[in-house]
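S.K.: Residue numbers (the working numbering): 3 to 319.
(1) Go ahead and pull the three-state DSSP assignment for residue 53.
(2) Counting pairs of Cβ atoms below 8 Å between the region 107 to 120 and the region 65 to 80, do you hit three or more?
(3) How many angstroms separate the CA atom of residue 319 from the CA atom of residue 117?
(4) State the start and end residues of the unbroken beta strand (DSSP E) segment that holds residue 381.
(5) Look at the alpha carbon of residue 250 and the alpha carbon of residue 293, and state the distance between them as a whole number of angstroms.
(6) Taking 8 Å as the threshold (C-beta atoms), are residue 279 and residue 299 in contact?
(7) Using three-state DSSP, classify residue 199 as helix, strand or coil.
(8) Which residue or residues does DSSP assign as beta-bridge partners of residue 252?
(9) For residue 315 and residue 244, which I take to be in contact (beta-carbon distance under 8 Å), what is that distance rounded to the nearest angstrom?
(10) So is residue 65 buried or exposed if we call it buried at 16+ other beta carbons inside 10 Å?
(11) Which residues in the same chain have their Cβ closer than 6 Å to the Cβ of residue 119, if we skip the five residues on either side of it in sequence?
(12) Let me confirm a value: residue 89 is counted as buried when at least 16 other C-beta atoms fall within 10 Å, else exposed. Which label applies?
(13) Tell me the DSSP secondary structure of residue 294 in three-state form.
(14) Going by C-alpha to C-alpha distance, which of 255, 263 and 286 sits closest to residue 127?
(15) Do you know how far the Cα of residue 240 is from the Cα of residue 204?
(16) Considering only DSSP beta bridges, list what residue 142 is partnered with.
(17) So for residue 182, helix, strand or coil by DSSP?
(18) Does the distance between the C-beta of residue 178 and the nearest non-hydrogen atom of the ligand FAD fall short of 7 Å?
(19) If you draw a straight line from the alpha carbon of residue 85 to that of residue 151, how long is it in whole angstroms?
(20) Please state the DSSP three-state secondary structure of residue 261.
The following block contains the structure:
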């Protein structure tokens, strides 16, 4: 009898431990999402991410923390380096930005449904309505996935309410056409003067619906090409300027991630220009530039009617 009395509580204890273990395993499974990842919301992943400190500050400043914790969403999440490259040096810079501006920018990084990378079709510039109700352009090719030329560096970070794709640049919603974009950039004032001098044909072409791609020479590029002052541009032959300017225009939307090394671009002027890509750096060689290619110094500036790449040399037909 004594032996039986000792075995009974031991069996009961084992059954109790097994029940507790089963409950713990069930609870652990409940804390996982369909992909087996910890069931954190998008907001929690951003807050916990060591490389999302500026994104976190922007989300908090914009008042979007709750919005990114619910629903089913896809977020293209810029890293801290991406924010710094876009001009947000630190958290103070984020906090000094108007709330409405941050809201517009962040909502332009969000799709109102969950889309894993495998579900994105292969193709260039697939217009996708963002949460801001403005189209962004997603490309999937042999190099991977990109949006408005920003490359996805880590895809499919799973959250309980969607998925995050980490990107290497902040994407900005377009607000003006190509001419308006150039006019707002002090380093493109020579280009604007040249467009104006070239006449209504060039102005109308660059303000049309598009889509267009413009390789936009800087002021220094114009000076190096023999236009030392804006006055020299205003005195130039309009037809000569029109011939040069239309050689900088391609009748398609081409982000840097749509360009391939060695590709020939057909310009609005009718001539060809050749793309060079070396270790990710993009340059364009004009027929009249010899071996001196023009380097893209700022890529993927989105306008309402296309995209602008700032270059450091005037392309010659």
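Virtual Cβ for every residue (Gly too), placed ideally from N, Cα, C.
M.R.: With the structure as the only source:
(1) As a first step, residue 53 is located in the chain shown; it is residue number 51 there, counting from the start. Coil.
(2) Here the region 107 to 120 makes contact with the region 65 to 80; the two share three or more CB pairs at distances below 8 Å.
(3) As a working mapping, residue 319 is identified with position 317 in the chain shown. As a working mapping, residue 117 is identified with position 115 in the chain shown. Roughly 43 Å separates the two Cα atoms.
(4) What is shown of the chain runs 3 to 319, which leaves residue 381 out entirely.
(5) Indexing the chain shown from 1 puts residue 250 at position 248. Indexing the chain shown from 1 puts residue 293 at position 291. Cα to Cα, the separation comes out at about 17 Å.
(6) Within the chain shown, the letter at position 297 stands for residue 299. Within the chain shown, the letter at position 277 stands for residue 279. No, these two residues do not count as a Cβ contact at 8 Å.
(7) For the purposes of this step, residue 199 is taken as the residue at position 197 of the chain shown. For residue 199, the secondary structure class from DSSP, reduced to helix, strand or coil, is helix.
(8) Locating residue 252 in the chain shown gives position 250, counting from the first residue. Under the DSSP definition of a beta bridge, residue 252 partners with 215 and 269.
(9) Against the chain shown, residue 315 aligns to sequence position 313. Against the chain shown, residue 244 aligns to sequence position 242. With a Cβ gap of about 19 Å, residue 315 and residue 244 do not count as contacting.
(10) The count along the chain shown starts at 1 and reaches residue 65 at position 63. Exposed, by the Cβ-count rule.
(11) Here residue 119 refers to the residue found at position 117 of the chain shown. Short of 6 Å from the beta carbon of residue 119, and not among the five residues preceding or following it, lie these beta carbons of its own chain, in chain order: 147, 157 and 158.
(12) Within the chain shown, the letter at position 87 stands for residue 89. That one is exposed.
(13) Taking the chain shown and counting its residues from 1, one reaches residue 294 at position 292. Coil.
(14) Residue 127 sits at position 125 when you count from the first residue of the chain shown. With distances taken between Cα atoms, residue 127 lies closest to 255.
(15) As a position in the chain shown, residue 204 is number 202, starting the count at 1. As a position in the chain shown, residue 240 is number 238, starting the count at 1. Whole-angstrom Cα-Cα distance: 10 Å.
(16) Counting from one through the chain shown, the residue named residue 142 turns up at place 140. For residue 142, DSSP records a beta bridge to 125 and 147.
(17) Reading the chain shown from its first residue, position 180 is the one you call residue 182. DSSP places residue 182 in helix when its eight states are reduced to three.
(18) As presented, the structure is devoid of all ligands, the ligand FAD included, so that no description of it is given.
(19) The residue labelled residue 85 in the question sits at position 83 within the chain shown. The residue labelled residue 151 in the question sits at position 149 within the chain shown. Distance between residue 85 and residue 151, taken at the CA atoms: about 15 Å.
(20) Numbered from 1 along the chain shown, position 259 holds the residue referred to as residue 261. Here residue 261 carries a coil assignment [DSSP, helix/strand/coil].
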